[in-house]
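Protein chains in written order, with our numbering: chain A, 4 to 165; chain B, 4 to 165.
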């Protein structure tokens, strides 16, 4: 899992509005669900198959935060590790639209939805991404918008002092 | 970590707008940061102390998603495991305001910011919570708003059919 950075990284100027990145896929196993739930989300319906069947989820499903962390890993492997990211700023409007059931394979797509220079740091830009995560049937299971700070090749041109 | 549900759970009707819940604290160790980063967020500045020092973070810091997952665990232990939660719906406006550095101790507070009946399921309600996570100096490191589905003791009164 320890991916060295590629020799050629993309900088802020190399990113394009509307660019779409396929982030690959991950299959959620029973062991992954139990392990995550024990550590981070110890609710009965993530820890016990009988409790899960009786719950709103209708069966064993991953914690929504686990789906988020798996998506982060896909995003890192397929995109963030190849750009000059300086870290995440936050995200908005995360929605868990359907449960991710045991055995499901999720895949994710990121679309570059915004690119602007940082107002505080002329040598960096802010990258906005829309993420859509689907299951193997094509149903959307999670959507979110994410903001990331990316280093630029050249500082932004300064406004003339007024 | 496997906390059984308490014998007496609180239902939707037992929750109060403005109620504030202290969620306890967690200390972020070097091993926790490396372990998480290897599995979910393998960026150099989460995996290597020298790279971390040169990064915007200024030193080894946890992945923002790790801070989120630790907060989820605190929320589960101190609150969600004691109410009749049916699962999370999503969240909005997550902001990482300051990095969580190695050795920092985070603590979190949840405030009940909204309570309304589900329009689709009269036997459930939607709980909105504002979460504030601070470090040991009292600086805010993460804020977010979270929506959770909670079972009610009694179905909502039905509107007369028009």
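For each residue, glycine too, the CB sits at the ideal point set by N, CA and C.
Asked: Would you kindly report the start and end of the unbroken beta strand (DSSP E) that includes residue 25 (chain A)?; Found: 23-30
Asked: Among the residues of its own chain, which have a CB less than 6 Å from the CB of residue 125 (chain A), if the five just before and after it don't count?; Found: 158, 159
Asked: By how many angstroms is the C-alpha of residue 56 (chain A) removed from the C-alpha of residue 114 (chain B)?; Found: 31 Å
Asked: Would you list the one or two residues that DSSP bridges to residue 120 (chain B)?; Found: B:128
Asked: Residue 84 (chain A) CB to nearest chain B CB: under 8 Å?; Found: yes
Asked: Check the Cβ of residue 97 (chain B) against every Cβ in chain A and list those closer than 8 Å, keeping chain order.; Found: 93, 94, 95, 97
Asked: So residue 43 (chain A) contacts chain B; which residues on that side make the cut at Cβ distance below 8 Å?; Found: 72, 73, 75, 76, 79
Asked: Is it buried or exposed for residue 64 (chain B), if we count other Cβ within 10 angstroms and need 16 for buried?; Found: buried
Asked: Leaving aside the five residues before and after residue 100 (chain A) along the sequence, list all residues of the same chain whose C-beta is less than 8 Å from its C-beta, in chain order.; Found: 142, 143, 144, 145, 146
Asked: Could you list which residues in chain B have their beta carbon closer than 7 Å to that of residue 90 (chain A), in chain order?; Found: 59, 60
Asked: At what residues does the alpha helix (DSSP H) containing residue 35 (chain A) begin and finish?; Found: 33-43
Asked: Residue 152 (chain B) versus chain A: which residues are under 8 Å apart at the beta carbon?; Found: 59
Asked: In terms of alpha-carbon separation, which member of A:29, A:22, A:23 lies closest to residue 103 (chain A)?; Found: A:29
Asked: Would a check of beta-carbon distances place residue 46 (chain A) closer than 8 Å to chain B?; Found: yes
Asked: Judging by CA-CA distance, which residue of A:127, A:71, A:122 is the nearest neighbour of residue 110 (chain A)?; Found: A:71
Asked: For residue 37 (chain A), which residues from the same chain have a beta carbon less than 7 Å from its beta carbon, with the 5 sequence-adjacent residues on both sides left out?; Found: 50
Asked: What did DSSP end up calling residue 76 (chain B) once you bin it into helix, strand or coil?; Found: helix
Asked: Between the alpha carbons of residue 40 (chain B) and residue 73 (chain A), how many angstroms are there, rounded?; Found: 12 Å
Asked: State yes or no: is the beta carbon of residue 67 (chain B) nearer than 8 Å to at least one beta carbon in chain A?; Found: yes
Asked: Going by the DSSP bridge assignment, what does residue 114 (chain B) pair with across the sheet?; Found: B:23, B:133
Asked: Let me see if you follow: with CB-CB separation under 8 Å, is residue 125 (chain A) close to chain B or not?; Found: no
Asked: Report the rounded CA-to-CA distance for residue 20 (chain A) versus residue 13 (chain A), giving the unit in angstroms.; Found: 14 Å
Asked: Which stretch, first to last residue, makes up the beta strand (DSSP E) that contains residue 92 (chain A)?; Found: 88-99
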